[in-house]
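*Asks:* According to the numbering used here, the stretch in the sequence shown is residues 4 to 105, in order.
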Amino acid sequence: MKTITFITSENDIIETQANSGSLMELAVKNKVKGIDGDCGGVCSCATCHVHVNQEFWNAVGGPSELESDMLEFDDNVSDYSRLSCQMQVSEVPDGLVLKVAK
Numbered sequence: 004m005k006t007i008t009f010i011t012s013e014n015d016i017i018e019t020q021a022n023s024g025s026l027m028e029l030a031v032k033n034k035v036k037g038i039d040g041d042c043g044g045v046c047s048c049a050t051c052h053v054h055v056n057q058e059f060w061n062a063v064g065g066p067s068e069l070e071s072d073m074l075e076f077d078d079n080v081s082d083y084s085r086l087s088c089q090m091q092v093s094e095v096p097d098g099l100v101l102k103v104a105k
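#1: Taking Ser87 as the reference, give the member of Val53, Glu58, Ala62, Asp72 with the closest Cα.
#2: Which value, in whole angstroms, describes the spacing of the CA atoms of Thr11 and Ser93?
#3: Can you grab the Cα-Cα spacing for the pair Ile16 / Leu101, in whole Å?
#4: Going by beta-carbon coordinates alone, are Asp97 and Lys5 separated by less than 8 angstroms?
#5: Kindly list the residues whose CB is nearer than 7 angstroms to the CB of Asp41, restricted to its own chain and excluding five residues on each side of it in sequence; keep chain order.
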């Protein structure tokens, strides 16, 4: 079981736990404000945009080309931006911290 922490734009801290699925699914299941996942996780809307805590960036890795293309449409992109629908719980480190982009 991995622990993933989401920090909302209001600085609410939501600690979640999961073994599988995408981080977007985990956020929606736990009603994380600012993660909508309108496209259902197919990388076509950017409503699950998060900023990866810098200390975890190398472990998580950067976005794919398709993901980068979607992020271009978001106003709040940073060097640590990812779409949570494109990150799987099984592939991220335990203790990951994500700041919701909106």
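We put the CB at the ideal spot given by N, CA and C, even for glycine.
*Replies:* Considering the structure as presented:
#1: Val53
#2: 23 angstroms
#3: 10 angstroms
#4: yes
#5: Cys48, Thr50
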